[in-house]
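Enquirer: Shown below is the structure under consideration.
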Amino acid sequence: MQDSLFFIDVILPVPLERLFTYRVNQKEYEYLKKGMRVAVPFGKSKIYTALVYNFHQNHPEKYEAKDIHQILDEKPIATKTQLQLWTWMSDYYMCTLGEVIRAGLPSAFLLESESIIKLNSDEDIENSTLKDDEFLVVEALQYQTSLKVDEICNILDKKTVLPVLKRLIDKNIIIIEETLYEKYKPKLVRYVRLNEKYTSEDALNSLLETLKRAPKQSQIILSYFALSSESKKPIKVSELVKRSEASSAQIRTLIDKSILEEYY
9 MQDSLFFIDV ILPVPLERLF TYRVNQKEYE YLKKGMRVAV PFGKSKIYTA
59 LVYNFHQNHP EKYEAKDIHQ ILDEKPIATK TQLQLWTWMS DYYMCTLGEV
109 IRAGLPSAFL LESESIIKLN SDEDIENSTL KDDEFLVVEA LQYQTSLKVD
159 EICNILDKKT VLPVLKRLID KNIIIIEETL YEKYKPKLVR YVRLNEKYTS
209 EDALNSLLET LKRAPKQSQI ILSYFALSSE SKKPIKVSEL VKRSEASSAQ
259 IRTLIDKSIL EEYY
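Heads up, the sequence shown is in my numbering, so the first residue is 9 and it goes up one at a time.
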């Protein structure tokens with residue numbers, strides 16, 4: 009059997025609704041167990057710690073499987089029961105497996121390219137106990153208070169430094185600063201309306217008289233009323249910008265003056 013026919017499915021600590029397939033050789037395939045961690049490439053240049061979830065010999069149909077970078081464990085850090093529980097939680101709470109393991113495992117277990125590394129200020133470091141690559145990391149962190157994993161890769165001139173960092177974590181020399189994935193944020197539509205205090209005829213006339221000294225602001229208000237008369241729908245800021253030929257900053261000025269109110 010060819011090495012290229014051995015694959016593992018892994019859970020990446022990212023909010024994506026799927027497992028990811030990576031290629032391993034026969035020795036790695038026979039050594040690995042469910043619940044062990046591997047360092048894997050993801051995207052153009054990032055490295056993540058992933059959790060082994062499944063084994064098979066089926067090449068993914070929609071993409072070319074990449075090789076893993078490194079096996080990080082000698083034995084599983086997650087049990088079969090934990091994997092089953094996380095799968096259940098993912099289904100029950102309608103979230104991704106990646107989000108579940110990110111919440112369920114300490115950040116030190118899930119090193120990735122964007123992880124922030126710092127020295128443990130509570131630990132006295134004995135340089136004589138450090139290997140050469142460990143010493144370089146510690147020395148760099150003494151000059152710069154924090155470094156990303158990517159930056160440490162450059163310092164050590166290595167593709168992946170996760171095994172080095174794992175040793176330093178085990179020695180309690182470095183700590184991982186917690187980082188949170190940015191959740192999906194829906195694109196909000198900005199609307200504006202006239203402040204209620206200008207709804208009476210007298211107040212509105214007084215406002216328009218005042219704005220005679222600011223013709224562009226006056227034009228914005230007149231455009232607002234034109235749009236209001238054409239449609240009973242709320243007025244989008246983008247529509248008002250286009251109709252009045254004003255800038256968002258000019259409309260912001262009227263919002264800051266409490267002449268217009270912004271809402272979503």
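Even glycine gets a Cβ: it sits at the ideal position worked out from N, Cα and C.
What does the Cβ neighbour count give for threonine 89, buried or exposed, with the cut at 16 atoms within 10 Å?
Expert: With fewer than 16 Cβ atoms within 10 Å of its Cβ, threonine 89 is classed as exposed.
Enquirer: Are glycine 108 and tryptophan 94 closer than 7 angstroms when you measure CB to CB?
Expert: Rather than glycine, the amino acid found at residue 108 in this sequence is valine. Contact: yes.
Enquirer: In chain order, which beta strand (DSSP E) runs of at least 3 residues are fully inside the stretch 65-150?
Expert: Those beta strand (DSSP E) runs which fall completely within the stretch 65-150 and span 3+ residues are 124-127.
Enquirer: Mapping DSSP to helix, strand and coil, what is aspartate 17?
Expert: Three-state DSSP puts aspartate 17 in a strand.
Enquirer: For the 8 angstroms Cβ check, are there 3 or more pairs between the stretch 195-214 and the stretch 236-253?
Expert: Cβ pair count under 8 angstroms is three or more, so yes.
Enquirer: Pick from Lys166, Tyr272, Ser123, Ser266: whose alpha carbon is nearest that of lysine 205?
Expert: Closest by alpha carbon: Ser266.
Enquirer: Go ahead and label threonine 87 buried or exposed: buried means 16 or more other beta carbons lie within 10 angstroms of its beta carbon, across all protein chains shown.
Expert: Counting Cβ neighbours within 10 Å, threonine 87 comes out exposed, since fewer than 16 surround it.
Enquirer: Would you check if the distance between the CB atom of serine 231 and the CB atom of arginine 251 is smaller than 7 angstroms?
Expert: Cβ atoms of serine 231 and arginine 251: closer than 7 angstroms.
Enquirer: Got a sec: is the Cβ-Cβ distance from leucine 216 to anything in chain C below 7 angstroms?
Expert: Looking at the structure shown, chain C is missing, and only one protein chain is on hand.
Enquirer: Going by DSSP in three states, valine 48 sits in which element: helix, strand or coil?
Expert: Of the three classes helix, strand and coil, the one that applies to valine 48 here is strand, per DSSP.
Enquirer: State buried or exposed for methionine 102, treating a residue as buried only when at least 16 other CB atoms are found within 10 Å of its CB.
Expert: Methionine 102 is exposed by the Cβ-count criterion.
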